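Residue numbers (the working numbering): 234 to 586. By construction, the Cβ of each residue, glycine as well, lies at the ideal position given by its N, Cα and C atoms. Since this is a predicted model, take the numbers as computed values, not measurements.
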């Protein structure tokens, strides 16, 4: 049952990846798109797909998988159903670090007034700066958990405070930036897959593959931690080391994703919760399931965002001009209500207990 579900999700993702390369102002049939993907012959269709649409589709799959598995692991090792890179402030911390890398450490340049003209010239500087700030955020969380034994709700409130601090730092960078840099940073904060290129996709793929392999090799240890640290320690799991290593890997995933596409919220919260409802808490299935569902959610959300004007015209015959909504806005609309629901349900369970 669980293997069949994961296989169906994988097949659906493959078909949607091909289909979504056909969607856009320049219409391409499904079979022409598949032919262009398999044979980049230099035709107009192949050029559009390989240079514009396919990098974006691949980025949606990789970033969605990264955020999904990072959220699942954070929820396990922190024993907190509300944990995710976004809710704990790690995404905002990485965004601040990436902005520092772009604007102050010369890891990127602003080419002009267009909102799509941030060019990351040194991805290692940008991702390294983002990773450092993400570690500061997650390190603060871990320190508070170890020293004060705060409740899950208090952990999330700490995440809100961390987000506010790094958000203020990002606002300060914007305040002292010129107009073109300001426009680019603001747009990048919304989460946008349109700027990523093949080189950045390859970096993201390498980091995701390494992290996913580490998480999957530790799947039995994560299952043991679900029963509590004492039980896991009795089974030979070094819980402290596993918790730190897992959070470092999750922070690295977040930092690389945020560096290239900006802040995309709630994928790490939404995907693991839905997968747990479908297949349970077994990390043998939860880890790949969270990755697959995260990819599917972001893939669909990005396609909706870049075609929302055409969709409104089709439904309402409104005559609106075509426009694009950054995918981070779409995922926040979806994830915000879910976050409130999980929080309210948690308080109800406490009251009833």
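DSSP three-state assignment for residue i, whether helix, strand or coil
i, result
"residue 353", "strand"
"residue 312", "coil"
"residue 306", "helix"
"residue 277", "helix"
"residue 533", "helix"
"residue 333", "helix"
"residue 325", "helix"
"residue 556", "coil"
"residue 259", "coil"
"residue 297", "helix"
"residue 540", "coil"
"residue 465", "helix"
"residue 291", "helix"
"residue 234", "coil"
"residue 570", "helix"
"residue 271", "helix"
"residue 241", "helix"
"residue 317", "coil"
"residue 370", "helix"
"residue 338", "coil"
"residue 363", "helix"
"residue 358", "helix"
"residue 460", "coil"
"residue 254", "coil"
"residue 577", "helix"
Alpha carbon of residue i to alpha carbon of residue j, nearest angstrom
i, j, result
"residue 533", "residue 467", "43 Å"
"residue 598", "residue 469", "Residue 598 falls outside the range modelled here, since the chain spans only 234 to 586, and no answer is possible."
"residue 391", "residue 284", "41 Å"
"residue 425", "residue 538", "10 Å"
"residue 359", "residue 372", "20 Å"
"residue 419", "residue 401", "13 Å"
"residue 291", "residue 573", "30 Å"
"residue 432", "residue 410", "27 Å"
"residue 362", "residue 314", "28 Å"
"residue 240", "residue 381", "43 Å"
"residue 378", "residue 254", "44 Å"
"residue 453", "residue 518", "11 Å"
"residue 564", "residue 531", "8 Å"
"residue 568", "residue 515", "23 Å"
"residue 459", "residue 512", "15 Å"
"residue 474", "residue 498", "28 Å"
"residue 397", "residue 488", "18 Å"
"residue 249", "residue 438", "19 Å"
"residue 367", "residue 264", "42 Å"
"residue 404", "residue 244", "42 Å"
"residue 436", "residue 354", "14 Å"
"residue 520", "residue 500", "14 Å"
"residue 448", "residue 365", "21 Å"
"residue 266", "residue 278", "7 Å"
"residue 331", "residue 386", "28 Å"
"residue 376", "residue 383", "10 Å"
"residue 335", "residue 461", "42 Å"
"residue 456", "residue 316", "17 Å"
"residue 408", "residue 494", "22 Å"
"residue 256", "residue 393", "37 Å"
"residue 464", "residue 472", "10 Å"
"residue 536", "residue 293", "10 Å"
"residue 482", "residue 271", "33 Å"
"residue 374", "residue 389", "9 Å"
"residue 529", "residue 308", "20 Å"
"residue 273", "residue 242", "27 Å"
"residue 434", "residue 287", "11 Å"
Residues near residue i by beta carbon distance below 6 Å, same chain, minus five either side
i, result
"residue 479", "306, 310"
"residue 523", "301, 302, 305, 504, 505, 508"
"residue 370", "322, 323, 326, 395"
"residue 476", "310"
"residue 299", "441, 486, 490"
Supposed close pair residue i, residue j - CB separation, criterion 8 Å
i, j, result
"residue 486", "residue 444", "5 Å"
"residue 318", "residue 492", "That pair is no contact at about 13 Å."
"residue 276", "residue 269", "7 Å"
"residue 496", "residue 328", "5 Å"
"residue 561", "residue 297", "Contact doesn't hold; Cβ gap of about 12 Å is too wide."
"residue 525", "residue 246", "6 Å"
Beta-carbon contacts of residue i that lie in its chain and below 8 Å, excluding the five residues immediately before and after
i, result
"residue 427", "289, 349, 539, 557"
"residue 575", "314, 315, 502, 506"
"residue 541", "556, 557, 558"
Sequence-distant residues of its chain with Cβ nearer than 7 Å to residue i (five each side left out)
i, result
"residue 259", "281"
"residue 238", "511, 512"
"residue 235", "512, 518"
"residue 338", "358, 362"
"residue 252", "263"
8 Å Cβ cutoff, residue i in contact with chain B
i, result
"residue 369", "Note that chain B does not occur in the displayed structure, where there is just one protein chain."
task: Could you tell me which uninterrupted alpha helix (DSSP H) segments, each at least 4 residues in length, are contained entirely in the stretch 472-538, listed from first to last along the chain?
output: 472-494, 500-512
query: Of all the alpha helix (DSSP H) runs that stay within the bounds of the stretch 373-458, which reach a length of 4 or more residues?
result: 385-408, 412-422, 431-450
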